[in-house]
Structure formats: C-alpha cells, structure tokens
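Participant: All residue numbers for the sequence shown refer to the numbering used here, where the first residue is 4 and numbers rise by one.
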Amino acid sequence: MKNIAIFASGNGTNAERIIKHFINNESISVSGIYSNNENAFVLTRAKNLNVPTMVFNRKMFYESEVVVDQLKKDKTDLIVLAGFLWLVPGNILKMYKNRIVNIHPALLPKYGGKGMYGSRVHEAVIEAGEKESGITIHYVNEKYDDGKIIFQAKCTVNKDDTPESLASKIHKLEHRHYPEVIEKIVMSL
Ligand code: GAR
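#1: Look at the alpha carbon of Val184 and the alpha carbon of Phe154, and state the distance between them as a whole number of angstroms.
#2: Considering just the uninterrupted stretch of the beta strand (DSSP E) at Glu135, what are its terminal residues?
#3: Report the option in Asn51, Val58, Val91 whose CA atom is closest to the CA atom of Asn144.
#4: Could you round the C-beta distance between Val83 and Ile21 to whole angstroms and report it? I think they count as a contact, below 8 Å.
#5: Helix, strand or coil: which one does DSSP assign to Thr165?
#6: State the DSSP-derived secondary structure class of Lys76, mapped to helix, strand or coil.
#7: How long is the line joining the alpha carbons of Ser168 and Asn161, rounded to whole angstroms?
#8: With distances taken Cα to Cα, identify the nearest neighbour of Ala8 among Val54, Glu130, Ile140, Gly132.
#9: Taking 6 Å as the limit between beta carbons, can you name the residues of its chain near Pro182, skipping five residues before and five after?
#10: Which partner residues does Ser38 have in the DSSP bridge list?
#11: Within 9 Å of any Cβ in chain D, is that where the Cβ of Pro166 sits?
#12: From the DSSP secondary-structure annotation, give me the bridge partner or partners of Asn6.
#13: Less than 9 Å between the beta carbons of Val104 and Ile188, yes or no?
If you want it as structure tokens, here you go:
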C-alpha cells in the first residue's frame, strides 16, 4: 500500500476529490489530512470520509518533529499540498525529497510567490488583462511556488470574468487533473 498525506489550510474541495478518487483503490490510500487551521472546513470533510486528521500550530511545525513523526507513523509515501498556505520546513523537505507536490491556481512562473493564493491570484490575472490562466502542479522546495513543474492545464479568461468566475473555472480544472496526476506520481514511486 502507498500512502498519501494531504496538507490543507482551508475549504478542502481538492482534498475531498483526492480522497474520493482513491477510496476504492487497493494499492493507494489517503492516510491523513494535516492542517495548520483548526477551523478549516477540510477537517469536517475528512471526518465525514473517515480520514484521520492532525492539526498543528507554527511551533509544532517549524520547531519540533511531531509532524514528521506522524508522517512516518502513517507510512507516508507522498505529501500533497492542496490549498496549504505555509512553507514546508527543512526537516520535511529533506525526508520527502521529490515526494511533495503542490497545486497552484495559475500558470507558474507567473502569479506565484508569497501572498499569492486563492482570489488574490485571480484578481492579479484579471487586472493584468491575461487572455488565459490555468493550473500548475509542481514539486515543492523551500520557496513559494518555485519547484519543478510537473503538469499545467489552461483555461480562457474572458472580458467579463470576475475573480469568482475564474476561480470556478480553475477549480474545475484542479478537480479534473490533480487526482490523476497524483496517481501517476504515486505509481512511479
Ligand atoms: C486551490 O485553488 C489551490 O490551487 C489554491 O488554493 C485553493 C484551495 O482550494 N492554492 C494556492 O493558492 C497555493 N498558492 P480548496 O481548499 O477548495 O481545495
């Protein structure tokens, strides 16, 4: 069995899609949802789908081994960030070299970096008059939105798109592609 740990800070629509994608898979499973936000709705989604959860604060994440220890206990093979807003600390990066992936709601290297998440990304894309946007799945390193790109998919940005309508197009792309790309990566481990 290969195990996936999902890190998420908020709503968790991607996390839910990923859990459901692997629910009947006999060789890949989502072994835990990890969150820095005790009020994140992703935790409710996880509980409803019987996936164990772990909540941690800044000190636990950056100054202790408790998260790494839990990842080891869960026999984690791949870490998937799905709307997770903190940088991954060195101890986890070291232990999971090339085994941490993230999804970003734009076509990196544009519209990435610190503070670029959620609707801020879509606002910036629309403000710049871009004709297209999309999603980027990439490996995670010590910087925001910086690691090697694994997969991109595009959508059009129309004149009448709002950050909300663009977010909805992007979410559709994310839900369609992220679980499949994750499956391919896990199969190759
Ligand atoms: C997703 O659109 C993801 O690309 C974005 O957060 C959203 C989470 O949605 N991530 C970032 O902006 C990271 N820089 P969800 O909670 O519904 O899955």
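Backbone N, C-alpha and C fix where the C-beta goes; we use that ideal spot for every residue, glycine too.
Facilitator: Looking at the coordinates:
#1: One-based indexing of the sequence shown puts residue 184 at position 181. One-based indexing of the sequence shown puts residue 154 at position 151. So the alpha carbons of these two residues sit roughly 8 Å apart.
#2: Your numbering for residue 135 matches position 132 in the sequence shown. Counted as a single uninterrupted DSSP element, the beta strand (DSSP E) harbouring Glu135 occupies residues 135–142.
#3: Here residue 144 refers to the residue found at position 141 of the sequence shown. The shortest Cα separation from Asn144 among Asn51, Val58, Val91 belongs to Val91.
#4: Position 80 of the sequence shown, counting from 1, holds the residue named residue 83. Position 18 of the sequence shown, counting from 1, holds the residue named residue 21. Correct: roughly 6 Å between the Cβ atoms.
#5: Working through the sequence shown from its first residue, we reach residue 165 at position 162. Here Thr165 carries a coil assignment [DSSP, helix/strand/coil].
#6: In the sequence shown, counting from the first residue as 1, residue 76 sits at position 73. Lys76 falls in the helix class under three-state DSSP.
#7: One-based indexing of the sequence shown puts residue 168 at position 165. One-based indexing of the sequence shown puts residue 161 at position 158. Rounded to whole angstroms, Ser168 to Asn161 spans 10 Å at the Cα level.
#8: Taking the sequence shown and counting its residues from 1, the one referred to as residue 8 is at position 5. In terms of CA proximity to Ala8, Val54 leads the group Val54, Glu130, Ile140, Gly132.
#9: In the sequence shown, residue 182 corresponds to position 179, counting from 1. Around Pro182, the same chain offers Arg20, Ile21, His24 as residues with beta carbons nearer than 6 Å, after the five sequence neighbours per side are excluded.
#10: For this step, residue 38 is matched to residue 35 along the sequence shown. Under DSSP, Ser38 forms a beta bridge with Val58.
#11: No chain D is part of this structure, which consists of one protein chain only.
#12: By 1-based counting over the sequence shown, the position of residue 6 is 3. Answer is Ser32, Thr79.
#13: Position 101 of the sequence shown, counted from the start, is the residue given in the question as residue 104. Position 185 of the sequence shown, counted from the start, is the residue given in the question as residue 188. Yes; because the gap between Cβ atoms is below 9 Å, this pair is in contact.
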